[in-house]
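In the numbering used here, the protein residues as written are -3 to 54.
Laid out in structure tokens, this is it:
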């Protein structure tokens, strides 16, 4: 499960960086780890739920 979770968290961060490059005005909010711990927990929760779904479907 840890592998699925880490992969999903990595993918979310890569997508955020790509989005920030295409939308420079949003870049400060998407540069790496968030300074807001609540946003970090939200991303981790999304990664966890996505990892569960991916693991179940494989």
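Every residue, glycine too, gets a C-beta built ideally from N, C-alpha and C. Nothing here was measured: the structure is a model prediction, and the numbers come from that model.
Secondary structure at residue 54: coil, using DSSP grouped into helix, strand and coil.
Considered as a whole, the stretch -2 to 52 harbours -2 to 18 and 23 to 26 as its complete alpha helix (DSSP H) runs of no fewer than 4 residues, in chain order. In this structure, the straight-line span from the alpha carbon of residue 5 to that of residue 36 is close to 10 angstroms.
When rounded, the separation of the alpha-carbon atoms in residue 46 and residue 7 is 11 angstroms.
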